[in-house]
Amino acid sequence: MINRIVVGAGYGLKDWVAQRATALVMAVYTLILLATLGAIGPSNYDAWRAIFANGFMQFMTFLFFVSLFYHVWIGMRDIWMDYIKPDGLRLVLEIATIAALVGYAGWAVKILWRL
Amino acid sequence: MAEIAIKKKRPKNLDLPSIRLPLPGILSILHRVSGAVLFLLLPVLLWLFQQSLASPETYAAAKAVTNNFLVKLVLLGLIWLYMHHFCAGIRYLLLDLHKGIDLASARLSSKIVFAVSVALTLIVGGKVLL
Chain R
765 MINRIVVGAG
775 YGLKDWVAQR
785 ATALVMAVYT
795 LILLATLGAI
805 GPSNYDAWRA
815 IFANGFMQFM
825 TFLFFVSLFY
835 HVWIGMRDIW
845 MDYIKPDGLR
855 LVLEIATIAA
865 LVGYAGWAVK
875 ILWRL
Chain A
1454 MAEIAIKKKR
1464 PKNLDLPSIR
1474 LPLPGILSIL
1484 HRVSGAVLFL
1494 LLPVLLWLFQ
1504 QSLASPETYA
1514 AAKAVTNNFL
1524 VKLVLLGLIW
1534 LYMHHFCAGI
1544 RYLLLDLHKG
1554 IDLASARLSS
1564 KIVFAVSVAL
1574 TLIVGGKVLL
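Heads up: the protein sequence lines correspond to chains R and A, in order.
In terms of our numbering, the first sequence is residues 765 to 879.
In terms of our numbering, the second sequence is residues 1454 to 1583.
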């Protein structure tokens, strides 16, 4: 028999897994980018642009940004939950965080789609 | 039974500054601080990324901005925060897998995180900023 008191909508397992999955994606991307920069050593605009105009890197960079913004949401939500006790203020900060991150996602698309 | 356990006297120390934060603790709070700082500076970093890719002119302008010594210093600091978050995060992933959870290895791995993140910062910073 499962003897636990159910409170709230979830236990945070989904976020816990998502935080780690997005971290893995970003860690792999970091290594790929560092290896690429090390190999090419872009010293002018054309070489720098070519790195991100490449289809694979464009895909990976976009994946990195999406992972980053989801990861940031979980991390910042944890910080607000730990230090901001008044519910109203916490809600405002959480909404502001989501708004900023959704906006950044659109911005990232704009940067990458132009290449 | 539960009440008896709660009433038991436990040692209490409210003089918090007298507790020295061990290295894994410093790593932990730096992991949080670095994440928060990187989040707050995201618009600046995105802007710099956008400028560097938009056109040869904006690329040159972005390069001129980063040629300033103070800007270089800030960027080096940000690279360190990123590398610390990266290395400490990998350590946490290993801890999740129950690798190195005894005290001695946890202390050793936190030393490794600090050493590797500083080394990576110097390598990447040297390549990107010099």
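Glycine included, every Cβ here is placed at the ideal spot set by N, Cα and C.
These numbers were taken from a predicted model, which means no experiment stands behind them.
Heavy atom of the ligand GDP within 6 Å of F1522 (chain A) beta-carbon: Ligands displayed in this structure: none; no statement on the ligand GDP is therefore possible.
Through-space distance from N818 (chain R) to L876 (chain R), alpha-carbon basis: A direct Cα-to-Cα measurement between L876 (chain R) and N818 (chain R) gives close to 10 Å.
Closer than 8 Å at the beta carbon, the chain A residues around A791 (chain R): Those are F1539, G1542 and I1543, listed as they occur along chain A.
Inter-residue Cα distance where the pair is L1467 (chain A) and L1474 (chain A): It is roughly 15 Å from the alpha-carbon of L1467 (chain A) to the alpha-carbon of L1474 (chain A).
Chain R residues whose Cβ lies nearer than 9 Å to that of L1528 (chain A): Identification of chain R residues near L1528 (chain A) by a Cβ-Cβ cut-off of 9 Å yields none; the smallest Cβ-Cβ distance measures about 15 Å.
Option in A:V1566, A:K1525, A:S1487 and A:H1538 with minimal Cα separation from L1501 (chain A): For the set A:V1566, A:K1525, A:S1487 and A:H1538, the Cα lying nearest the Cα of L1501 (chain A) is the one of A:K1525.
Residues, ordered as in the chain, of the region 1463 to 1495 of chain A that lie near chain R by beta-carbon distance below 9 Å: If you check each beta-carbon in the region 1463 to 1495 of chain A against every beta-carbon of chain R, the ones closer than 9 Å belong to R1485, G1488, A1489, L1491, F1492 and L1495.
Same chain, Cβ closer than 8 Å to L801 (chain R), five either side skipped, listed in chain order: Spatial neighbours of L801 (chain R) in its own chain (CB-CB distance under 8 Å, excluding positions within 5 residues in sequence) are listed in chain order as I815.
Interface flag, Q1504 (chain A) vs chain R, CB-CB below 7 Å: Residue-level contact by beta carbon fails for Q1504 (chain A) and chain R, as no gap is shorter than 7 Å.
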